[in-house]
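Please read the structure below before turning to the comments.
Number of protein chains: 2
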Amino acid sequence: MPSPPERTRLRRKPGRGHHDRSVIDAIVDEALVCHIAFVGPHGPIALPTTHVRVGDELYIHGSAVSGMLTALADGIDACVTITLIDALVFARTAFHHSMNYRSVVVFGRATRVDDRVTKLAALAALIEKVEPGRSAACRPPNDKELVATSVLTLSLVEASAKIRSGPPLAEDGDDAHLPYWAGLIPLVTTRGAPSPARDPG
Amino acid sequence: MPSPPERTRLRRKPGRGHHDRSVIDAIVDEALVCHIAFVGPHGPIALPTTHVRVGDELYIHGSAVSGMLTALADGIDACVTITLIDALVFARTAFHHSMNYRSVVVFGRATRVDDRVTKLAALAALIEKVEPGRSAACRPPNDKELVATSVLTLSLVEASAKIRSGPPLAEDGDDAHLPYWAGLIPLVTTRGAPSPARDPG
Chain P
70 MPSPPERTRL
80 RRKPGRGHHD
90 RSVIDAIVDE
100 ALVCHIAFVG
110 PHGPIALPTT
120 HVRVGDELYI
130 HGSAVSGMLT
140 ALADGIDACV
150 TITLIDALVF
160 ARTAFHHSMN
170 YRSVVVFGRA
180 TRVDDRVTKL
190 AALAALIEKV
200 EPGRSAACRP
210 PNDKELVATS
220 VLTLSLVEAS
230 AKIRSGPPLA
240 EDGDDAHLPY
250 WAGLIPLVTT
260 RGAPSPARDP
270 G
Chain L
70 MPSPPERTRL
80 RRKPGRGHHD
90 RSVIDAIVDE
100 ALVCHIAFVG
110 PHGPIALPTT
120 HVRVGDELYI
130 HGSAVSGMLT
140 ALADGIDACV
150 TITLIDALVF
160 ARTAFHHSMN
170 YRSVVVFGRA
180 TRVDDRVTKL
190 AALAALIEKV
200 EPGRSAACRP
210 PNDKELVATS
220 VLTLSLVEAS
230 AKIRSGPPLA
240 EDGDDAHLPY
250 WAGLIPLVTT
260 RGAPSPARDP
270 G
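Laid out in structure tokens, this is it:
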């Protein structure tokens, strides 16, 4: 297996790369979902799932019979990718159009969490991340539900971030004076008005 | 290579699965980015990029020296995953918390677009998708820029969609009467006020 520095080295646009854990953690913590790449029975596949970071560990969960979780629990090579899109970048030339983004790539191998206390803590953290306080404002998992749920953990040791921010690249020569609008259009994700489920009556 | 019906068959929660192209196309067209999974020099990896659908084809682009595009252009197995998150789903039990989402998984092998007309059309479509009319409101790629850009195409033939929508699962027995809020919190992505780049002067 290649050493971490090699595998997480950023080859394209290394100026956009970051290995600071504070930068990585902020992206991981803000994103609601990640994409997990692995080699499944039909070749490489990426599937979305929710995640939470606790310290240096990333936790994911799912049905105990999920194909992805079963495959990952065998300790195969995996990659977790997390992407936030911050803005559309419009330039005066088609070539310099871009997007502002913050992404993280984590290489590693997952292990299944069997310890009951750690498993319950990870499941609570998954809910707390989405809505602080919520894990105490619902019934916690019972034994049957715990058996039906797999929790996997994967270390953040081999993680790197890539970020594009700021305005479009300044254009040269005649391009700088083309009569086209250039700038950023921010993309913002917000929570709408809560819609209560029908009362069971 | 497995036949399309086998590889795109949905094993987990098949009730959430869709193979209708109109359902798949709507998700592909709404999403600004996809994640592409492939096996790179260090194992499986998923990387984000922008995409556009034109008919039955998905187009992506990037630097001609991009590691991902170079690898994909060799015709290796790839998977393109597109995910939209629509709402947080809160239930009375931790176990039934979920998210409403719409996702698409496409299996296939990419090929490089060398034909100049098709390449220009794909690059214009990538911009048009983000902002209709914009490809005519900027300078189109010149020869040098076209050489520096790779465009790849991948068929949507082996695509499937998975969707969760609607309220939390109705809970049974005592769970239905737990004194906790249950319902949906919609997530909405909007465009903020445009921020013009500084005038080159």
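Going down the list, the sequences are from chains P and L. For the first sequence, the positions run 70 to 270 when my numbering is used. For the second sequence, the positions run 70 to 270 when my numbering is used. Just so it is clear, CB atoms sit at the ideal spot from N, CA and C, and this is done for glycine as well.
- Residue pairing by DSSP places Lys231(L) opposite Gly86(L) and Ser172(L) in a beta bridge.
- When 9 Å is used as the limit between beta carbons, Asp184(P) is near no residue of chain L, the shortest such separation being about 18 Å.
- In the three-state reduction of the DSSP assignment, Leu215(P) falls in the helix class, which pools H, G and I.
- Remark: C-beta atoms of Leu225(P) and Ala142(P) do not approach each other more closely than 8 Å.
- Excluding sequence positions up to five before and after Thr118(P), its CB lies within less than 7 Å of the CB of Val102, Cys103, Ile105, Ile129 and Gly131, all in the same chain and listed in chain order.
- Listed along the chain, the chain P residues whose CB falls inside 9 Å of the CB of Thr162(L) are Cys207, Arg208, Pro209, Pro210, Asn211 and Glu214.
- Nearest in C-alpha terms to Arg203(P), of all of Thr187(L), Ala160(L) and Tyr170(L), is Ala160(L).
- Per the DSSP secondary-structure output, Ser224(P) pairs in a beta bridge with Glu126(P).
- Interface annotation, Tyr128(L): not in contact with chain P, CB-CB separation never under 8 Å.
- Inclusion of Ile145(L) and Phe107(L) in the CB contact set at 8 Å is warranted, their separation being smaller than that value.
- A Cβ of chain L is located within less than 8 Å of the beta carbon of His104(P).
- Using a Cβ-Cβ cut-off of 8 Å, Gly136(L) counts as an interface residue toward chain P, since at least one Cβ of chain P sits closer than that to its own.
- Contact of Val92(L) with chain P is not assigned, every C-beta pair being separated by 8 Å or more.
- Of all C-beta pairs linking the region 152-159 of chain P to the region 231-244 of chain P, three or more are shorter than 8 Å, placing the two stretches in contact.
- For Val108(P), the three-state secondary structure derived from DSSP is strand.
- For the set Ile114(L), Arg85(L) and Glu75(L), the Cα lying nearest the Cα of Thr77(P) is the one of Ile114(L).
- In terms of Cα proximity to Cys148(P), the closest of His165(P), Val134(P), Ser172(P) and Ser135(P) is Ser172(P).
- Between the region 198-213 of chain L and the region 243-253 of chain P there are three or more C-beta pairs closer than 8 Å, enough to call the two in contact.
- With a threshold of 8 Å between beta carbons, Ile254(P) makes contact with chain L.
- Collapsing the DSSP output to three states places Val186(P) in a helix.
- Each of Ser229(P), Gly112(P) and Ala266(P) was checked against the Cα of Gly84(P), and the nearest Cα belongs to Ser229(P).
- Close partners of Thr152(P) in chain L (Cβ separation under 8 Å): Val102, His104 and Pro117.
- Here Leu116(P) is not near Ala179(P), since their CB atoms are 8 Å or more apart.
- Take Thr162(L), set aside five residues on each side of it, and the residues of its chain with a beta-carbon closer than 8 Å to its own are Glu240, Asp244 and Leu247, in chain order.
- Of all residues in the region 221-246 of chain L, those with a C-beta nearer than 8 Å to a C-beta of chain P are Pro236, Pro237, Ala239, Glu240, Asp244, Ala245 and His246, reading in chain order.
- Taking all protein chains shown into account, Glu75(L) has fewer than 16 neighbouring C-beta atoms within 10 Å of its C-beta and is therefore exposed.
- Scanning the region 138-164 of chain L from its first residue to its last, the whole beta strand (DSSP E) runs of 3-plus residues come out as 146-159.
- Cβ-Cβ separation between Val123(P) and Ala191(P): approximately 7 Å, consistent with a contact (criterion under 8 Å).
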